[in-house]
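Notes follow once the structure below has been shown.
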Amino acid sequence: MKKNEINNFRIGDEIPNFHIKPISRSMLTLYASASGDYNPIHIDSDYAKKSGLPDVIAHGMLIMSFLGQTITNIFPQGSIKKFESKFIAMTNINDCLTCKGKIINIELKDSLKRFSLKLLVIDSSGKKKLSGSAIVELKLNEKK
Amino acid sequence: MLDRSLIGKTYPECFFLVNKKRLIAFAKATQQSDPIYFDEDIAKKDGHPSILAPLTFLTTTRYEQEKPYQYLDDLGISLGRILHAKQEYTNYESIYAGDELRMDSKIGDIYDKKDGMLEFVSFISNYKNQKNVLVAESVSTLVLRNNEKK
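Right, dumping it as structure tokens:
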């Protein structure tokens, strides 16, 4: 299923956007518990306010995990050799984020097809939250 | 300014068991839709030995340590003054439920931008599995804002 889609990719193509549900307190609490990151800035609004923020903010790594799914929705995870992200702006409660990816290079190297991806997470007003990149290497003639 | 002599300082090796329950909870919290991240039978049918750890799962290993931010203490930085600036993963092998990982860490670099207003610390961790195979490298870069001091 993924195979045909991947083979048709050309430099400059965008991979399908990944829309994240509005950020909620319960998402952050659930992520704190599953990741072990209990920094109160993500789960305690009193603490966040004392720290000078309007409210709790999302874990950057939670947003990065959504960005990761933008890639794994298309490419098999085992082919993702490098994945990096810069955290540009804080994500607030109720933010509606969209993850985007674009293929900026494709090269054939030995028996590998290597894709370079540029990644971005924006909110509904177009403000950048995360920017990132990934390197994906697929074996040529691979069945899956 | 942070003490640059701490660049290269290493930290004791840590061990982690990639526990199935933990992976399922992480998959749920990150809203994974592909069942290879939470259903062992489907993962096996898809050719995996067990449930696959998602791309950012290694972030959880930090919080299993007794003192996750020992290196910040060593640098004299309080947790409230830093933000996560950048995260990089280089993947060599997939990580599955049941894997036993060993993590080696060190302070990779300390540098500043904007005339010292922003200082960056990168922390490098290497992960090997029970077969002694390098599975991944993580570089986590934190930023420290010094503007309050000036």
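Residue numbers (the working numbering), protein chains in the order written: chain A, 1 to 144; chain B, 1001 to 1150.
In this text, a Cβ means the ideal position worked out from N, Cα and C, and glycines have one as well.
| Query | Result |
| --- | --- |
| Could you confirm whether any beta carbon from chain B is found closer than 8 Å to the beta carbon of Asp-123(A)? | no |
| By DSSP, does Met-61(A) sit in helix, in strand, or in coil? | helix |
| Should the stretch 18-28 of chain A be regarded as contacting the stretch 63-79 of chain A, the criterion being three or more beta carbon pairs within less than 8 Å? | yes |
| Compare the C-beta of Lys-1150(B) against all C-beta atoms of chain A and say whether one is closer than 8 Å. | Caution applies to Lys-1150(B), whose pLDDT of 40 falls short of 50 and renders its modelled position unreliable; the value that the coordinates give is listed next. Chain A contact via Cβ: absent. |
| Between which two residues does the alpha helix (DSSP H) carrying Ala-1097(B) extend? | No alpha helix (DSSP H) contains Ala-1097(B), which DSSP labels as neither H nor E. |
| For Phe-87(A) versus Ile-103(A), is the C-beta distance shorter than 8 Å? | no |
| Measuring straight from C-alpha to C-alpha, what distance separates Lys-50(A) and Ala-89(A)? | 19 Å |
| For Asp-1003(B) and Ile-1024(B), what's the separation of their Cα atoms in angstroms? | 40 Å |
| For Glu-1040(B), is the classification buried or exposed, using 16 other Cβ atoms within 10 angstroms of its Cβ as the cut-off for buried? | buried |
| Which residue comes first and which comes last in the alpha helix (DSSP H) that contains Thr-1059(B)? | 1059-1062 |
| Along the chain, where does the alpha helix (DSSP H) containing Arg-25(A) start, and where does it finish? | 25-35 |
| Got a sec? Which residues, its chain only, sit under 6 Å from Glu-1013(B) by beta carbon, not counting five neighbours each side? | Arg-1102 and Asp-1104 |
| Under DSSP, the beta strand (DSSP E) around Lys-118(A) begins and ends at which residues? | 112-122 |
| Using a Cβ-Cβ cutoff of 7 Å, what residues of the stretch 1035-1058 of chain B are near chain A? List them in chain order. | Leu-1052, Pro-1054, Leu-1055 and Thr-1056 |
| In three-state DSSP terms, what is Pro-1012(B)? | strand |
| Let me see if you follow: with CB-CB separation under 8 Å, is Ala-58(A) close to chain B or not? | no |
| Considering only residues of the same chain and omitting the five flanking positions on each side of Asp-55(A), which have a CB-CB separation below 6 Å? | Ser-45, Ala-48 and Ile-93 |
| Of the residues Tyr-1089(B), Ser-1138(B) and Val-1143(B), which one's Cα is nearest the Cα of Leu-1113(B)? | For the sequence presented, residue 1113(B) should be read as Lys rather than Leu. Nearest of Tyr-1089(B), Ser-1138(B) and Val-1143(B) to Lys-1113(B), Cα basis: Val-1143(B). |
| According to DSSP, simplified to helix, strand and coil, what is Glu-5(A)? | helix |
| Mapping the DSSP letters down to three states, classify Ile-1107(B) as helix, strand or coil. | strand |
| Listing by chain order, which chain A residues have their CB less than 8 Å from the CB of Tyr-1089(B)? | Lys-82, Phe-83 and Glu-84 |
| Given a cut-off of 8 Å, decide if Leu-1058(B) and Val-1121(B) are closer than it, judged by their beta-carbon atoms. | no |
| Report, in whole angstroms, the separation of the C-beta atoms of Leu-97(A) and Ile-122(A), which I expect to be a contact under 8 Å. | 7 Å |
| Does the contact criterion of 3 or more C-beta pairs under 8 Å hold for the stretch 77-85 of chain A versus the stretch 30-39 of chain A? | no |
| Do Ile-1077(B) and Leu-1006(B) have their CB atoms nearer than 8 Å? | no |
| Sort out for me which residues DSSP pairs Glu-14(A) with in a bridge. | Lys-102(A) |
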